[in-house]
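Working notes, structure below.
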Amino acid sequence: MKDGSLVERSDEIALDPLSGYAVNLLEAQSQEEVVLVNWADSYESIEDFQSYFHPAVKNFISSPIINFIICRISGEVPGAIVAINYPGKATTYDAEVLKSMAVVIGSLQTISDEVQETEKAFRYTIEALARACEAAEEDTGKHIQRVNRYAGALAANMGLPNDFVETVSFSAQMHDVGKIKIPASILLKNGPLDDAETALIRMHPVYGRQILGDSPRLQVARDIAISHHENWDGSGYPNRLAGENIPLAGRIVKLADVYDALRSNRSYKTPLTHQATLSIFRNGDERINPEKHFDPVLLGVFFKIEHIFDKIYESFNVNPAN
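Be aware that the sequence shown starts at 1, since it is given in this note's numbering, and climbs by one per residue.
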């Protein structure tokens with residue numbers, strides 16, 4: 001309390017746990033009790049009481065400290081809540097209120113820790129699934145990491161909300177999850193696919209959508225899985241969606257995936273340099289027509305940040321093209 005009002009600050013004051021300034025803080029944490037001290041309890045004067053406190057604390061309060069209460073906050077990483085300068089005298093009632101607050105904070109911290117652990121487990125499971133789905137192909141782990149980063153760079157440079165950028169950056173790796181149902185003999189075939197093989201491999205977006213189920217948490221991943229082979233002009237698969245009917249996340253990952261495919265070694269092709277890949281993105285080739293296949297806004301963003309794509313690819317230093 002300062003001048004009768006609650007003051008909140010985010011300044012960090014570090015106390016040496018072996019110093020006299022921290023003695024009551026340590027006592028509160030070790031005994032799991034509330035420590036309540038009024039200046040008159042142990043000191044002859046308020047002035048003498050000030051020697052009890054760290055200079056940074058006194059500087060922040062900027063008025064004589066007359067009392068304080070410390071209560072331990074439980075948790076994996078223990079902490080404490082400290083209240084200073086109750087009007088008049090700090091009472092046992094004040095201490096009980098602070099203790100109740102510490103219990104609530106501790107409970108919230110425990111819940112927060114559990115949520116973070118659950119999120120870590122969720123992400124690990126998704127990453128493991130993404131790797132398993134492409135295990136038959138070379139350079140799988142690096143490929144999915146690169147596509148994540150390309151997609152995040154595109155989304156961020158489009159000025160999209162941060163939460164969407166983060167979600168796309170993580171969900172992009174699930175784009176080919178449906179390949180887990182495609183035989184390795186097709187995925188690794190050196191020559192061209194026959195009609196039956198082509199029809200089967202073009203089902204992997206559908207399989208991916210099915211595998212990812214109906215969880216709201218995986219909505220963006222589902223959008224990516226089902227739509228990353230759709231073309232801007234409606235000539236793609238599996239649903240021949242066109243233009244903005246294609247989910248934005250799918251349009252982003254399509255461009256990212258095509259870039260990485262051109263730069264990477266495959267059973268049916270050698271890797272291209274960044275400059276050769278840029279040429280295809282500008283002029284097309286026998287398989288890729290940039291104007292018909294990519295969102296024109298996204299394509300414009302790509303050319304503004306193409307150097308970032310090159311740095312992302314080279315940072316993994318896998319099968320570099322000469």
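Think of the CB as a built atom: it goes at the ideal place given N, C-alpha and C, for glycine as much as any other residue.
Query	Result
Proximal residues to Met-1 (C-beta, below 8 Å), its chain only, five neighbours per side dropped	Any answer about Met-1 is weak, because its pLDDT of 49 lies below 50 and its placement is not dependable; what the coordinates show is given next. Val-7, Ala-83, Ile-84, Asn-85, Tyr-86 and Pro-87.
Three or more C-beta pairs below 8 Å linking the region 308–317 and the region 141–159	yes
From Asn-59, Val-97 and Arg-287, residue whose alpha carbon lies closest to that of Val-35	Val-97
Of the listed residues His-228, Ala-156, Asn-162 and Asn-157, nearest to Gly-178 (C-alpha basis)	His-228
Stretch-stretch touch, CB-based, cutoff 8 Å, three pairs: the region 202–211 with the region 228–242	yes
Status (buried if at least 16 other CB within 10 Å, exposed otherwise) for His-307	exposed
Nearest to Gly-243 (by Cα), restricted to the options Gly-250, Ile-224, Asp-233 and Ile-252	Asp-233
Coarse secondary structure for Lys-311, derived from DSSP in three states	helix
Residues bridged to Ala-83 (per DSSP)	Ile-69
7 Å Cβ shell around Ala-130 - same chain, five flanking residues per side excluded	Ile-144, Gln-173, Met-174 and Val-177
Among Glu-197, Lys-58, Tyr-52 and Ser-171, nearest to Arg-209 - alpha-carbon criterion	Ser-171
Runs of alpha helix (DSSP H) lying entirely within the region 173–229, each at least 4 residues, in chain order	184–187, 195–201, 204–212 and 219–227
Reduced DSSP category for Leu-278 - H, G, I as helix; E, B as strand; rest coil	helix
Sheet register partners of Asn-38 (DSSP bridge)	Asn-67
Inter-residue spacing [alpha-carbon to alpha-carbon] between Gln-109 and Val-115	10 Å
Separation of Pro-290 from Asn-322, as counted between CA atoms	Caution is warranted here: a pLDDT of 46 is assigned to Asn-322, below 50, making its placement in the model unreliable, and no coordinate value can be reported.
Sequence-distant residues of the same chain with beta carbon closer than 6 Å to Ser-100, five excluded per side	none
Whole-angstrom distance between Gly-106 and Glu-197, CA atom to CA atom	57 Å
CB contact flag (Leu-200, Ile-182, <9 Å)	yes
Lys-269 in three-state terms, based on DSSP	strand
Which of helix, strand or coil DSSP assigns to Glu-96	helix
Separation of Phe-68 from Ala-90, as counted between CA atoms	7 Å
Asp-223 vs Leu-255 beta-carbon contact at 9 Å	no
Chain C contact for Ile-201 (CB, 9 Å cutoff)	Within the model displayed, chain C is absent; a lone protein chain is all it includes.
Beta-carbon gap between Ile-226 and Pro-192 smaller than 9 Å	no
Close beta carbons around Met-158, own chain, < 6 Å, minus the five adjacent residues each side	Val-301
Distance, Lys-120 Cα to Pro-333 Cα	Shown here, the chain extends from 1 to 322; a query on residue 333 therefore has no answer.
Arg-217 versus Ser-279 - alpha carbon distance	38 Å
Secondary structure of Lys-89, DSSP reduced to three states	coil
Gly-256: first and last residue of the uninterrupted alpha helix (DSSP H) it sits in	Position check: residue 256 holds Ala in this sequence, whereas Gly was assumed. Per DSSP, Ala-256 belongs to the alpha helix (DSSP H) from 248–263.
Between the CA atoms of Phe-309 and Gln-50 - distance to the nearest angstrom	59 Å
C-alpha gap between Asn-190 and Gly-284, whole angstroms	23 Å
First and last residue of the uninterrupted alpha helix (DSSP H) at Ala-56	55–61
Under 9 Å between C-beta atoms of Ile-252 and Ala-155	yes
Straight-line Cα distance separating Gln-275 from Ile-344	One cannot answer for residue 344 here, as it falls past the ends of the chain, which runs 1 to 322.
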